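Asks: Order-wise, the sequence lines are chains D and P. What the first sequence shows, in the numbering used here, is residues 1 to 159, in sequence order. What the second sequence shows, in the numbering used here, is residues 160 to 551, in sequence order. Just so it is clear, CB atoms sit at the ideal spot from N, CA and C, and this is done for glycine as well. This structure is a prediction, so every number in the text was calculated from the model and none was measured. Sharing a structure with you now.
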Amino acid sequence: MITPRKDVGEFLPPALEAKFPGGVLEVLRSRGELYLRIASASLLDVCLYLRDEERWGFDFLALVSGVDWLGKEPRFEVVYHLRSLRNNLRVGLKVDVPDETVALPSVSGIWKTADWLEREVFDLFGIRFTDHPDLRRIMMPDDWEGHPYRKDYPLEGRG
Amino acid sequence: MGATEQRTMTLNMGPQHPSTHGVLRLILELDGEIVVKVTPELGYLHRAIGKIAEGLRYEQFVPYTDRLDYLAASINNLGYVQGVEKLMEIEAPARARYLRVLFCELSRIESHLIWLGTHILDLGATTPLFYCFRERETIRDLFEEVCGARMTHAYFRIGGVRQDIPTGFLQKVREFYRTFPSRLAQYETLITNNPIFLRRARGVGAISAEKAVAYGLSGPSLRGSGVEWDLRKAEPYAAYGDLDFEVPTGANGDVYDRYLVRIEEMKQSLRLVEQAAENLPEGAVKADAPQFIRPPREEVHRNMQAMIRYFYITMHGGSPPPGEVYSAVEGSKGEVAFYLVSDGTPKPARVDIRGPSFVNLSALNEMSKGQYVADLVAIMGSIDIVLGEVDR
Chain D
1 MITPRKDVGE
11 FLPPALEAKF
21 PGGVLEVLRS
31 RGELYLRIAS
41 ASLLDVCLYL
51 RDEERWGFDF
61 LALVSGVDWL
71 GKEPRFEVVY
81 HLRSLRNNLR
91 VGLKVDVPDE
101 TVALPSVSGI
111 WKTADWLERE
121 VFDLFGIRFT
131 DHPDLRRIMM
141 PDDWEGHPYR
151 KDYPLEGRG
Chain P
160 MGATEQRTMT
170 LNMGPQHPST
180 HGVLRLILEL
190 DGEIVVKVTP
200 ELGYLHRAIG
210 KIAEGLRYEQ
220 FVPYTDRLDY
230 LAASINNLGY
240 VQGVEKLMEI
250 EAPARARYLR
260 VLFCELSRIE
270 SHLIWLGTHI
280 LDLGATTPLF
290 YCFRERETIR
300 DLFEEVCGAR
310 MTHAYFRIGG
320 VRQDIPTGFL
330 QKVREFYRTF
340 PSRLAQYETL
350 ITNNPIFLRR
360 ARGVGAISAE
370 KAVAYGLSGP
380 SLRGSGVEWD
390 LRKAEPYAAY
400 GDLDFEVPTG
410 ANGDVYDRYL
420 VRIEEMKQSL
430 RLVEQAAENL
440 PEGAVKADAP
450 QFIRPPREEV
460 HRNMQAMIRY
470 FYITMHGGSP
480 PPGEVYSAVE
490 GSKGEVAFYL
500 VSDGTPKPAR
510 VDIRGPSFVN
520 LSALNEMSKG
530 QYVADLVAIM
540 GSIDIVLGEV
550 DR
């Protein structure tokens, strides 16, 4: 049986704040969806907790999105879209990346899907992930220069 | 005599190979006939569709979504337009929502028919392909009649559908759902208990439920492993909440179970087509949202305000307030999702697309390890990838 969707907006942020003091930087609601800004230092711990804790059970990483906010600080943002198939829950975790010198810890040890999804973010945005098993470009050729989804990537005049 | 040396062989499959169904290169590491490792090399079809979206107004991007999973274009359209509707905080009227279900399910059947024909063709049976294409043709004729396009529909628009269905259209849909079950039964007689197919499919490419979830598999590839998960039930969108259907699951997660799941899904889709057609509500097919949606043509010709609005939206487009949404629908291959970020301008700040084929393909190595190289073709076919969606 697929359980009906539950909204965890009321329960999840306080539970995380209690478990990881200072780990949750911001709680965002957008069109009824829940997004949490997580400190990059706590990312792995938060993810493991969300996956393994029975009442959440976020066992499914649906998508990892890079976002480039050129001109703003911090410039990049990586969004992890999580699902719990067991409890039918959804949440988005956001982590700030100030610039390309800062790498995020890879969550590929927690969800296998992250392998390719993080490679895509690396390829298209140039954001690096530490401890990733195989951090290579996935869409662009290996010798490609630049990262095409960045806002300052030229739209014409190349190739 | 020196010590025996054991070495594996590296073999290229693709980028041009009939069973990769597009341009995909697999680098195989083989130990004799046994697959040790499969490394897919992607990107031959990479068009940076998400980047293109950043230069277009929201409504202009709809036809691009057709080019993701081009075998079930309408389902991609739906994932995108529902996301934009959520950003704009508008809702499509009931008639449009039922029409969306109707055409999504026709798309799903169409996509599964292509999968069935080509999958069985890969395994050496030529006949079913021609039958499958015959039925697919009927569905494409239905689409052509309603929107003029046979493959890249762009029929769903922000706030509803492009236009109402023509007179007599439902009668043709009825004819389809009356004839199709007997046709499907014919295919099943050809394939389901076919000893050759059974030996190629049973126990091949199995993946456990836990691994399937960890690899982010979705759609029939996930359900074949026995995980009951379907976005049409989990977060009912369009009119799915009002309609009655079941979510078939497999048990062993092998090629055969994924086959059974898709066959059963076609039957369920047909039920949905029938229910949507028979319970189709009357009324408008586009939302009344003056900020974002153009007024109907008849009004433009009569009313000055409507004309101004028509031009304004055509020239400038609507700007949803800043925010973000993750809009997911159950595609024919799995979870099709659009992560849309609005910065309050008429163009999206970011469009990230989840192609289920892309994620499903990442589990290919896990499914193929230790299998015969000849079975790789069966496994590839059973996860049903479309390269337009893998590379995006």
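Quick one: give me the first and last residue of the beta strand (DSSP E) that aspartate 37 of chain D is part of.
Replies: What sits at residue 37 of chain D in the sequence shown is arginine, not aspartate. Note, arginine 37 of chain D: beta strand (DSSP E), 33-38.
Asks: Whole angstroms is fine: what's the gap from serine 270 of chain P's alpha carbon to asparagine 411 of chain P's?
Replies: Using only the alpha carbons, I get a separation of about 23 Å.
Asks: Taking the Cβ atom as the reference point for each residue, do serine 541 of chain P and glycine 364 of chain P lie within a distance shorter than 9 Å?
Replies: The answer is yes: Cβ separation under 9 Å.
Asks: How big is the Cα-Cα spacing for glutamine 241 of chain P and isoleucine 324 of chain P?
Replies: Going from the Cα of glutamine 241 of chain P to the Cα of isoleucine 324 of chain P covers about 20 Å.
Asks: Between P:Ala446, P:Phe470, P:Val406 and P:Glu494, which has its C-alpha nearest arginine 254 of chain P's C-alpha?
Replies: Selected option, being the one with the closest Cα: P:Ala446.
Asks: Are serine 108 of chain D and proline 148 of chain D touching if we call contact CB-CB under 9 Å?
Replies: No, they are not a contact pair.
Asks: My guess is that aspartate 59 of chain D and leucine 85 of chain D are in contact by the Cβ rule of under 8 Å, so how many angstroms apart are they, rounded?
Replies: Aspartate 59 of chain D to leucine 85 of chain D, Cβ: 6 Å. Contact.
Asks: Of the residues that make up the region 381-411 of chain P, which ones have a beta carbon closer than 8 Å to any beta carbon in chain D?
Replies: Residues Val386, Glu387, Trp388, Asp389, Lys392, Ala393, Glu394 and Val406.
Asks: What are the partner residues of isoleucine 208 of chain P, as DSSP defines its beta bridges?
Replies: In DSSP, isoleucine 208 of chain P forms no bridge with anything.
Asks: Pair every Cβ in the region 207-224 of chain P with every Cβ in the region 290-300 of chain P, then say whether three or more of these pairs are closer than 8 Å.
Replies: No, they do not touch.
Asks: Check distances from the C-beta atoms of the region 301-318 of chain P to those of chain D and list, in chain order, the residues that come in under 9 Å.
Replies: The residues in question: there are none.
Asks: So, does the region 178-196 of chain P touch the region 469-476 of chain P, judging by three or more C-beta pairs under 8 Å?
Replies: No, the region 178-196 of chain P is not in contact with the region 469-476 of chain P.
Asks: With a cut-off of 8 Å on the beta carbons, I'd call arginine 391 of chain P and threonine 408 of chain P a contact; round off their distance for me.
Replies: Wrong, their Cβ atoms sit about 14 Å apart, outside the cutoff.
Asks: Which residues of chain P have a Cβ atom closer than 9 Å to the Cβ of glutamate 156 of chain D, listed in chain order?
Replies: None at all; the shortest Cβ gap to chain P is about 11 Å.
Asks: Does the beta carbon of leucine 50 of chain D sit closer than 9 Å to a beta carbon anywhere in chain P?
Replies: No, its Cβ sits nowhere closer than 9 Å to a Cβ of chain P.
Asks: Where do the ends of the beta strand (DSSP E) carrying proline 199 of chain P lie?
Replies: Taken as a continuous stretch (DSSP letters only), the beta strand (DSSP E) holding proline 199 of chain P covers 193-200.
Asks: Looking at arginine 31 of chain D and lysine 245 of chain P, is the spacing between their C-beta atoms short of 9 Å?
Replies: A contact, by the Cβ cut-off of 9 Å.
Asks: Near threonine 167 of chain P, what residues of its chain come up, given a Cβ to Cβ distance below 7 Å and the 5 sequence neighbours on each side ignored?
Replies: Correct list, in chain order: Glu188, Leu189, Asp190 and Val195.
Asks: For methionine 168 of chain P, which of helix, strand or coil comes out of DSSP?
Replies: It is a strand residue.
Asks: Grab the span of the alpha helix (DSSP H) containing arginine 391 of chain P for me, first residue to last.
Replies: Here the alpha helix (DSSP H) through arginine 391 of chain P covers 390-393.
Asks: Please classify histidine 460 of chain P: is it buried, with 16 or more other beta-carbons within 10 angstroms of its beta-carbon, or exposed?
Replies: The residue is exposed, with fewer than 16 neighbouring Cβ atoms inside 10 Å.
Asks: Can you find a CB in chain P that lies within less than 9 Å of the CB of phenylalanine 129 of chain D?
Replies: With 9 Å as the cut-off, phenylalanine 129 of chain D does not count as an interface residue toward chain P.
Asks: Compute the beta-carbon to beta-carbon distance between aspartate 389 of chain P and glutamate 489 of chain P, rounded to the nearest angstrom, for a pair I have assumed lies under 8 Å.
Replies: Right, their Cβ atoms sit about 6 Å apart.
Asks: Beta strand (DSSP E) containing alanine 487 of chain P: first to last residue?
Replies: First-last of the beta strand (DSSP E) with alanine 487 of chain P: 482-489.
Asks: Beta-carbon within less than 7 Å of arginine 321 of chain P's beta-carbon, same chain only, minus the 5 sequence neighbours each way: which residues are those?
Replies: If we look at arginine 321 of chain P and ignore the five residues flanking it on each side, its Cβ neighbours are Cys306 and Tyr314.
Asks: Determine which residues of the region 82-114 of chain D have a Cβ less than 7 Å from any Cβ of chain P, and write them out in chain order.
Replies: Answer set for the region 82-114 of chain D: Leu85, Asn88, Gly92, Trp111, Lys112 and Thr113.
Asks: Mapping the DSSP letters down to three states, classify glutamine 219 of chain P as helix, strand or coil.
Replies: It is helical.
Asks: Does any heavy atom of the ligand ATP sit closer than 8 Å to the C-beta of serine 380 of chain P?
Replies: Summarising the ligand content, the structure contains no ligands, and the ligand ATP is consequently not present.
Asks: Going by C-alpha distance, which of D:Phe11, D:Met1 and D:Glu100 is nearest phenylalanine 122 of chain D?
Replies: Minimum Cα distance to phenylalanine 122 of chain D is reached at D:Glu100.
Asks: Select from the region 231-259 of chain P all residues with a C-beta closer than 9 Å to any C-beta belonging to chain D, and list them in chain order.
Replies: Cβ contacts with chain D: Lys245, Leu246 and Glu248.
Asks: What is the rounded straight-line gap between the Cα of alanine 448 of chain P and the Cα of proline 507 of chain P?
Replies: Using only the alpha carbons, I get a separation of about 19 Å.
Asks: Examine chain D for any beta-carbon lying closer than 9 Å to the beta-carbon of glutamate 489 of chain P, and answer yes or no.
Replies: Chain D, which has no Cβ nearer than 9 Å to the Cβ of glutamate 489 of chain P, makes this no.
Asks: Grouping DSSP H, G and I as helix and E and B as strand, with all else coil, what is lysine 331 of chain P?
Replies: Lysine 331 of chain P falls in the helix class under three-state DSSP.
Asks: Kindly indicate which residue of P:Glu424, P:Asp550 and P:Ser521 has the alpha-carbon position closest to the one of glutamate 264 of chain P.
Replies: Considering only alpha carbons, the answer is P:Glu424.
Asks: CB-CB under 6 Å to leucine 275 of chain P, same chain, minus the five flanking residues each way: which ones, in chain order?
Replies: Correct list, in chain order: Cys291.
Asks: Helix, strand or coil: which one does DSSP assign to histidine 180 of chain P?
Replies: Coil, per DSSP.
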